[in-house]
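Converting from the sequence shown to my numbering requires adding 1 to each position, the first position being numbered 1.
Structure record follows, encoded as structure tokens.
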Amino acid sequence: DEVSIDGLRFRFVDTAGLRDNPADEVEAIGVRRTRERIGQAALLLYLFDLTELTPSEVQTDIAELTAALPKLPVLAVGNKRDLATSEQLAAFAQLQIQASDLKIIAASQREGLDELQTALLAQVRGAGLATTGTATIVTNVRHARALERAAEHLAAVRQGLAEGRGTELLAADLRHALGALGEITGEISSDDLLTSIFTQFCIGK
Numbered sequence: 002d003e004v005s006i007d008g009l010r011f012r013f014v015d016t017a018g019l020r021d022n023p024a025d026e027v028e029a030i031g032v033r034r035t036r037e038r039i040g041q042a043a044l045l046l047y048l049f050d051l052t053e054l055t056p057s058e059v060q061t062d063i064a065e066l067t068a069a070l071p072k073l074p075v076l077a078v079g080n081k082r083d084l085a086t087s088e089q090l091a092a093f094a095q096l097q098i099q100a101s102d103l104k105i106i107a108a109s110q111r112e113g114l115d116e117l118q119t120a121l122l123a124q125v126r127g128a129g130l131a132t133t134g135t136a137t138i139v140t141n142v143r144h145a146r147a148l149e150r151a152a153e154h155l156a157a158v159r160q161g162l163a164e165g166r167g168t169e170l171l172a173a174d175l176r177h178a179l180g181a182l183g184e185i186t187g188e189i190s191s192d193d194l195l196t197s198i199f200t201q202f203c204i205g206k
């Protein structure tokens, strides 16, 4: 589902949960697809039931996610606050989650959703994915991440040119940059473009 929040477009993808030891092949496929989806995400929403998990379990899950995906922002969202006991809510209020934010909501009652939207915007803008003024504004979070990856690989190409690296190494970074841009613009023929670049600039000759 896609939602526009304050001019920024978010695409939410619901996935299966993550388990180290899936019960069967079907669950294993679901876990594998979840990991693939996470690898493509710009922001991870860890949604959990306040009435089913303890603060320590949530803390452990978040720690494992941030360790496995150190560059991916994580926003923890506890749902069903309308059904949770006062003791459960108090316990989660004391929870300190490193490298993540925690929001408590009641989706069925639409409680806490404004705060959640504010947190989503803060995560995105805090990561530098949206700018104002004369700079270009990227309103799709996934596209912004793709642009960041493309910029990283192009910077590696520039450094490689300065250091006189071989064409194979330069081509690898160029292909990665093209692949990232292709996520935004559609398929790019990397072979044709690489041939043009190497011919025009005589790289490696």
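Just so you know, even glycine gets a beta-carbon here, dropped at the ideal spot from N, CA and C.
Keep in mind that this is a model prediction, so the values were computed, not measured.
{"query": "Tell me whether Leu73 sits in a helix, a strand or coil according to DSSP, three-state version.", "result": "coil"}
{"query": "Since I believe Leu182 is in contact with Ala147 (beta carbons under 8 angstroms), could you give me their beta-carbon distance rounded to a whole number of angstroms?", "result": "7 angstroms"}
{"query": "Measure the C-alpha to C-alpha separation of Leu130 and Arg38 and round it to an integer number of angstroms.", "result": "Because Leu130 carries a pLDDT of 45, less than 50, the predicted location of this residue cannot be relied on, and the following value inherits that uncertainty. If you take the alpha carbons of Leu130 and Arg38, they lie about 20 angstroms apart."}
{"query": "Within the continuous beta strand (DSSP E) that includes Ser1, where are the two ends?", "result": "Since the displayed the chain opens at 2 and closes at 206, residue 1 lies outside it and no answer follows."}
{"query": "Can you give the Cα-Cα distance for Thr52 and Leu155, rounded to whole angstroms?", "result": "47 angstroms"}
{"query": "In or out: Ile6 buried (at least 16 other Cβ within 10 Å) or exposed?", "result": "exposed"}
{"query": "So, using beta-carbon positions, are Ala44 and Leu76 closer together than 8 angstroms?", "result": "It should be noted that the sequence gives Leu, not Ala, for residue 44. Cβ atoms of Leu44 and Leu76: closer than 8 angstroms."}
{"query": "Here's the rule: buried if 16 or more other CB atoms are within 10 angstroms of the residue's CB, otherwise exposed. What is Asp50?", "result": "exposed"}
{"query": "For Leu84, which residues of its own chain have a beta-carbon under 6 angstroms away from its beta-carbon, when the five flanking residues on both sides are left out?", "result": "Thr52"}
{"query": "Measuring CA to CA, which of Ile30, Gly31, Leu46 is closest to Leu122?", "result": "Leu46"}
{"query": "Give the straight-line distance between the Cα atoms of Ala152 and Ile98, rounded to the nearest whole angstrom.", "result": "31 angstroms"}
{"query": "What are the boundary residues of the alpha helix (DSSP H) that includes Arg176?", "result": "168–186"}
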